[in-house]
Each structure stands twice: as structure tokens, then as C-alpha cells.
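Taking my numbering, I'd label the letters of the sequence shown as residues 3 to 133. Just so you know, even glycine gets a beta-carbon here, dropped at the ideal spot from N, CA and C. Take a look at the structure set out below.
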Amino acid sequence: MRGGLRLTRQWLSARFDRAGNIEWPQTYLDGIANANTSATGSLGIRYDGTTHRLRGLVAQGFRAPNVDDFAKFREQNGFIQLPSPGLRPERSTTFEIGYEGRYAGGRLSLGATAYYTLLSGAIVRGPGVLP
Numbered sequence: 003m004r005g006g007l008r009l010t011r012q013w014l015s016a017r018f019d020r021a022g023n024i025e026w027p028q029t030y031l032d033g034i035a036n037a038n039t040s041a042t043g044s045l046g047i048r049y050d051g052t053t054h055r056l057r058g059l060v061a062q063g064f065r066a067p068n069v070d071d072f073a074k075f076r077e078q079n080g081f082i083q084l085p086s087p088g089l090r091p092e093r094s095t096t097f098e099i100g101y102e103g104r105y106a107g108g109r110l111s112l113g114a115t116a117y118y119t120l121l122s123g124a125i126v127r128g129p130g131v132l133p
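Structure (C-alpha cells):
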């Protein structure tokens, strides 16, 4: 059996300048911030028999918004990307199970692995309104 834990802390802040072509809302001029903390972990187990091996794994993942997701303003291909101070992190949980068998006196080995990932809170671009 093998496992692990991780604690992640991420903090971003941005302040927008009054100079330029955009009249930002006062909250953007005062400064926006985004802080996230997450504890993630994994747990794996493996059984090694004389002719069969079984293994299983459960693992969590965490991706906090980065500067591009949180505070970037840009135009690309006719679309405008605006800062998104309210973004939350995306999280994933992965389940994996595997089997390996040795047959014909060890001359033939067959194996298979199956996995499934649940993703929540994916950070994606979508329609919005100008501030």
C-alpha cells in the first residue's frame, strides 16, 4: 500500500491602471485577489501473487486559476477575454484498477488497466458581459 498527501496554497492579486482605453469598475482599480487552498491525496494498493498481479489507485487533483485565467485582458480572433476574479479551482478524482497475469509458464503475460476520472469545476472560456 502506498499513499500521499499534498497541501497547496495559491494566491494571486492584480490591480488595473486607470490609464488606457477601458474604464474599469472601481473594484478592479482597487485590486482583485484570488486565494485557494486544497488538500489532495492518493492511495494505491497492489497485490503480487505468483501468477497474478492486481492493483488499484484513487487519486485527487487540483488546479488553481493562473494569471491568464484570473487577470488577463486580451482580444483574440474577434473574442475578448476579460479578467475573472471569481474563478474557483478545478478538481479531479481518478480511479484506476489493473490486472496482470502470467500464463504458459511465464512465457505469456496479459494485462489490462481501466480508469475513470471525475472532473468538477473545469476552468473554461464562456460568454459573459463587459464590466
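When Glu102, Gly33, Asp70 are compared against Thr52, the one with the closest alpha-carbon: Glu102
Three-pair Cβ contact test at 8 Å for the region 103 to 113 versus the region 76 to 84: no
Ala124 in three-state terms, based on DSSP: coil
Phe64 and Thr95 closer than 8 Å at C-beta: no
Every unbroken beta strand (DSSP E) inside the region 70 to 106 [3 residues or more]: 76 to 78, 81 to 83, 92 to 105
Beta-carbon separation (whole angstroms), Leu14 vs Ala73, contact threshold 8 Å: 7 Å
Contact set for Arg90: own chain, Cβ-Cβ below 6 Å, skip 5 residues either direction: Gly123
Bridge partner(s) assigned by DSSP for Ile34: Ala16
Residue(s) in a DSSP beta bridge with Gly51: Per DSSP, none; premise fails for Gly51.
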